[in-house]
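Each residue of the sequence shown is one higher than the one before, starting from 243 at the first, in the numbering used here.
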Amino acid sequence: MPSTVTSHHRDIETDRHARTRITVTTTADATAVTVTGDLDLATSPRLRDRLDDELKLRPRALIIDLDAVGFCSSGGLSVLLEAVTNAHARGIPCAIIATQRAIIRPVKLLQLDRVLPLHSDRAEAETWLALVARLR
243 MPSTVTSHHR DIETDRHART RITVTTTADA TAVTVTGDLD LATSPRLRDR
293 LDDELKLRPR ALIIDLDAVG FCSSGGLSVL LEAVTNAHAR GIPCAIIATQ
343 RAIIRPVKLL QLDRVLPLHS DRAEAETWLA LVARLR
């Protein structure tokens with residue numbers, strides 16, 4: 243999904259104790275929420291709030307980039323399920339970028355890969371989102 247609009251980037255929050263960072267980048271085609279660090283009991287509510295806020299802005303698509311997440315608790319998985327469900331209910335295509343074992347392993351073990359649209363990189367996620375947009 244190439245964009246001719248300059249992206250808007252903002253650092254949302256850094257949790258000093260957990261060393262978790264949530265960053266939002268917005269282009270004409272999609273909003274990307276990038277998480278760096280751990281997705282645990284302390285940080286999952288912050289991610290939930292950020293994703294809810296971004297979905298309220300009704301982006302054309304939402305990308306959740308978890309490629310730099312080193313740990314994901316059950317609460318983190320719950321946040322992802324909620325975000326994908328909420329995006330779907332609003333008609334907003336959503337893709338998740340994840341290659342780390344911390345995300346992939348629990349998602350596959352719990353068979354959540356049936357409902358969580360996982361992709362290996364940004365290009366793959368954008369290609370999938372473009373296809374979804376054409377099917378709508």
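Glycine included, each C-beta is placed from N, C-alpha and C at the ideal position. Note that the structure is a prediction, hence the values are computed from the model and not measured.
With 16 other Cβ atoms within 10 Å as the buried cut-off, status of residue i
| i | result |
| --- | --- |
| S362 | exposed |
| S286 | buried |
| E368 | buried |
| A337 | buried |
| R343 | exposed |
Enclosing alpha helix (DSSP H) for residue i [first to last residue]
| i | result |
| --- | --- |
| T327 | 316 to 331 |
| R347 | 343 to 351 |
Secondary structure of residue i, DSSP reduced to three states
| i | result |
| --- | --- |
| I334 | coil |
| A310 | strand |
| D280 | strand |
| V275 | strand |
| T285 | coil |
| V374 | helix |
| P297 | Before going on, a small fix: residue 297 reads as Leu here, not Pro. Of the three classes helix, strand and coil, the one that applies to L297 here is helix, per DSSP. |
Own chain, CB closer than 8 angstroms to residue i, minus 5 neighbours either side, in chain order
| i | result |
| --- | --- |
| L352 | L319 |
Sequence-distant residues of its chain with Cβ nearer than 6 angstroms to residue i (five each side left out)
| i | result |
| --- | --- |
| A273 | Checking the sequence shown, residue 273 turns out to be Thr, not Ala. The residues are E296, P301, L304. |
Span of the beta strand (DSSP E) around residue i
| i | result |
| --- | --- |
| H262 | According to the sequence displayed, residue 262 carries Thr and not His. Looking at the DSSP string, the run of the beta strand (DSSP E) that includes T262 is 262 to 268. |
Next on the checklist: For the segment 344 to 361 against the segment 316 to 326, do three or more pairs of beta-carbon atoms, one drawn from each stretch, fall closer than 8 angstroms, so that the two count as touching?
Outcome noted: Yes, since at least three Cβ pairs between the segment 344 to 361 and the segment 316 to 326 fall closer than 8 angstroms, the two stretches touch.
Item to check | At least three beta-carbon pairs within less than 8 angstroms, the segment 364 to 374 to the segment 345 to 355 | outcome: Short answer: they don't touch.
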